Structures are given as structure tokens and as C-alpha cells.
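Colleague: So for the sequence shown, the working numbering puts the first residue at 24; every next one is plus one.
Built from N, CA and C at the ideal position, the CB exists for glycine as well.
Since we're looking at a predicted model, the values are computed, not measured.
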Amino acid sequence: MFSLCFKIGLCFSFLLLSGCALLDLNRSGATHFHTVVLDPGHGGYDSGARASSGLPEKMLTLDVAQRTKPLLEAKGYHVVMTRTQDIFIPLGTRTDIANKHLDAIFVSIHFNSSPSHAAHGIETYYYNSGSSRLAAKILHQLLPVYHARERGVKRAVYFVLHHNKRPATLLELGFVSNGNENAMIQKPATRQQLAAHIAQGIADCHE
Ligand SMILES: [Zn+2]
């Protein structure tokens, strides 16, 4: 009986705490969170953008996410990956993973592509107003990585942002269709830098 009461008490406390965490996240624009859901874009039959040479987008996004995870863990965050292998994960499954973690933020990792080979630079996206600060903090950290052109923080109705109940951003970490930018992106050292700056941008949200 004691055990049952204890469990009910625990559950009740958990619900109260979760509710507070949720309110904080929505109200403050992602300043209180413990879990970071990292979402490497594409995977499996969905290769994403084809690079002008080297690895396709789906492999680059997975690599950056895998490099970012231990850096965030070292800063004390609980990190959940939407995929850890080259497999296809439906977009709804990706947002479900974020939505079931009440104390989470969601960071989707992508590389860009354009029919215009001259297009270059970094941009970040958000949908809910409570997510714009997260998108801005990460963009600010990313700009020095390869002296990228700032393409801005943009609002867009991307599925993984629109269907997300948590503060969520989608990062476009440079153009694999641009020869110069792709040459840098294909280097593991650049991807390590991108990972370090993403982790710092996330941590900056706690200021
Ligand atoms: Zn993509």
C-alpha cells in the first residue's frame, strides 16, 4: 500500500514538474531544457541532396549529429537521436520522438542544395515564435565556421517544425551544390567544427 501511494505520489509530482517544464519552454522560448533531440535529415532510400562530389546529404547529416551528441553530453544534456544508422525514418516518427520528451528541444540537421551553383551560406529555420531564439543562437554560433554567408533565420512550415510541440529548429549547414562550400563540408574537420558550434549555440540558449 505504501509502495502504491509512493508511486502515485511520484507520478503526480512528475506530472506537475512536467507541466512546469512545458510552460517554461513555451513561455521563455527554450531557455529551460535538459533533452536535445538531434535529427539527422534524410536516410535510407532518401539520400537528400546530392553533393557536387563526395558523401550525399544523408551521410553528412548523420556524421554531424554523431559528432554533436558527445559534445552535448559533455555539457550535461540528455541526447536522443532520431536515427543512428543509414535508414529512413518517417517525419511523423521524428516529431513523435520530440513530442514525448517534455523537457526537449529539437534540432534537425541538413545541408542545402540549389540549381544555382553560386548559392552558399548557412540559414536556420523555425516555425513557432518560441523557437526563433534557438534558431538565432545556433546561426550566430555557426557563422564563423567557414566564414559562411549569413542567409538568415527564416520561418517556414516544414513538417518537423510545424508538427513539433517542442522548441524546434532546422539547420541548413551550407550548400553541397556549391563547389567551394562542398569541398569544406566533405572534410571531417569541418564537420567537427560544425558540431562544436551547434553544441555551443544550444548551450547559449541557457544564458
Ligand atoms: Zn535536407
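What's the C-alpha gap between LEU196 and THR54?
Modeller: Going by the C-alpha atoms only, they are around 23 Å apart.
Colleague: Say the cut is 6 Å; is the CB of HIS185 nearer than that to a heavy atom of ligand 1?
Modeller: HIS185: no, Cβ never under 6 Å from ligand 1.
Colleague: Helix, strand or coil for ILE120 per DSSP?
Modeller: In this structure, ILE120 counts as helix in the three-state DSSP scheme.
Colleague: What do you reckon, is the C-beta of GLY133 under 6 Å from a heavy atom of ligand 1?
Modeller: It is His, not Gly, that sits at residue 133 in the sequence shown. Yes, ligand 1 has a heavy atom inside 6 Å of this Cβ.
Colleague: Among ALA158, PHE182, GLN223 and SER152, which one has its Cα closest to the Cα of ILE145?
Modeller: The residue with the shortest Cα to Cα distance from ILE145 is ALA158.
Colleague: Mind checking which residues open and close the beta strand (DSSP E) that includes PHE134?
Modeller: Start and end: 127-135.
Colleague: Restricting to Cα atoms, I'd like to know which of SER137, HIS229, HIS220 and ASP227 is closest to THR91.
Modeller: Closest option to THR91, Cα to Cα, is HIS220.
Colleague: Could you give the C-beta distance for GLY67 and PHE111, rounded to a whole number, given that I count them as a contact under 8 Å?
Modeller: The pair is a contact, with the Cβ atoms about 3 Å apart (cut-off 8 Å).
Colleague: Say the cut is 6 Å; is the CB of GLY64 nearer than that to a heavy atom of ligand 3?
Modeller: Because ligand 3 does not appear in the structure shown, any question about it cannot be addressed here, the ligands present being ligand 1.
Colleague: Let me check one thing: in DSSP terms, what residues is HIS101 bridge-paired to?
Modeller: Answer by DSSP bridge pairing, in chain order: THR58.
Colleague: When burial is assigned at 16 or more other CB atoms within 10 Å of the CB, is THR286 buried or exposed?
Modeller: Nothing in the structure corresponds to residue 286, since the chain is present only between 24 and 230.
Colleague: Since VAL209 and VAL168 should fall inside the 8 Å C-beta cutoff, what is the C-beta to C-beta distance between them, to a whole number of angstroms?
Modeller: The residue you asked about is not Val; residue 209 is Gln in the sequence shown. About 14 Å; that fails the 8 Å criterion.
Colleague: Return the Cβ separation of VAL176 and SER155 in integer angstroms, given the expectation that the two are a contact with Cβ distance under 8 Å.
Modeller: With a Cβ gap of about 6 Å, VAL176 and SER155 count as contacting.
Colleague: Look up LYS177 in the DSSP assignment and give the residues it is bridged to.
Modeller: Answer by DSSP bridge pairing, in chain order: TYR148.
Colleague: Taking C-beta to C-beta, are ALA226 and LEU94 nearer than 7 Å?
Modeller: No. Outside cutoff.
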